[in-house]
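Which chain is which? The protein sequence lines are P and W, in order.
For what it's worth, our numbering labels the leading residue of the first sequence as 1, then goes sequentially.
For what it's worth, our numbering labels the leading residue of the second sequence as 1001, then goes sequentially.
A virtual CB, placed ideally from N, CA and C, is assigned to each residue, including glycine.
All of these numbers come straight from a predicted model, not from anything done at the bench.
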Amino acid sequence: MYDYVAGIADWASFGLPLEGEHDSGTRVGAHVRTDLATCRPNHRLTEVRERASALRAGKPAFTNERGVVVGRLGRVSLGGSDDVSVEEAMSLGPRTVRPSLELDKAVERMRTQSLTTLPVTRSDGVLVGVLRRDDAERAIQPSDD
Amino acid sequence: MSVPITRDRLQELLRHGAQLVEVLPEDEYDYEHLPGAITIPLKMLDAASVSSLNRDRAVFVYCYDTQ
């Protein structure tokens, strides 16, 4: 007999599928957008703005060579015209959520903190995608059927 | 005696027909569980409750986390 000591918490936070009344479809991981821009901290802001505008998912996330999220740009930096490196402009340690977080709880958090997007990362910090508040709010609305 | 195992190894062995047993209370199993797992709450774990398991295939038990 084997013991998966880390348990369901580890499994779910890695974005792996769940079954049950609150299966994967009710979690953040099923609603993330993956068509997002990722950039390295040494990229220039001009390049980042071009990438971000070409994608619908909005603000880009900044990852290191292992795909781990290391920072995020605020609206002022992204919308400005400075051409410094991302490293100089980004804020470190951005707030992220796990793919296993229940979608209604993510919406509540985004409303409370006035967030329009949330980066979603696995338990090892690797970027999964971005949850957009409008997508999430639509998904938790009861259907008309 | 049980042997600790990682997520990666678990996924690999599940692909080869290993069996999964969640030992949390049944209402927690109903709420969420790993794909293909069966429920045998820890308090009910005895010779009778595990009799449905195939002795020729590896068995993995899990709960919520390391606590």
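Of all residues in the segment 1031-1055 of chain W, only Tyr1031, Glu1032, His1033, Leu1034, Pro1035 place a beta-carbon less than 7 Å from a beta-carbon of chain P. Here the alpha carbons of Val5/P and Ala37/P stand approximately 35 Å from one another.
Proximity to Asp134/P across Leu16/P, Gly125/P, Leu115/P peaks at Leu115/P, based on C-alpha coordinates.
By the C-beta criterion, the segment 96-110 of chain P is judged not to be in contact with the segment 73-80 of chain P, since fewer than 3 inter-stretch pairs fall below 8 Å. DSSP assignment within the segment 100-135 of chain P yields the following whole alpha helix (DSSP H) runs of 4 residues or more, N-terminal first: 103-112.
In the DSSP annotation of this structure, the continuous segment of the alpha helix (DSSP H) that includes Val76/P starts and ends at 75-79. Judged by DSSP secondary structure, Leu1020/W falls within the beta strand (DSSP E) whose first and last residues are 1019-1022.
In this structure Ile1005/W touches Asp3/P by the C-beta definition: roughly 7 Å separates them, less than 8 Å. Annotation: Arg44/P is outside any beta strand (DSSP E) and is labelled neither H nor E by DSSP. Straight through space, the alpha carbons of Leu1024/W and Gly129/P are spaced by roughly 31 Å. Comparing C-alpha distances from Val28/P to each of Gly20/P, Gly15/P, Glu21/P, Cys39/P shows the shortest one belongs to Gly15/P.
By the criterion of at least three beta-carbon pairs nearer than 8 Å, the segment 103-114 of chain P is not in contact with the segment 82-93 of chain P. By the Cβ rule, the segment 1015-1033 of chain W counts as touching the segment 19-34 of chain P, because three or more pairs are nearer than 8 Å.
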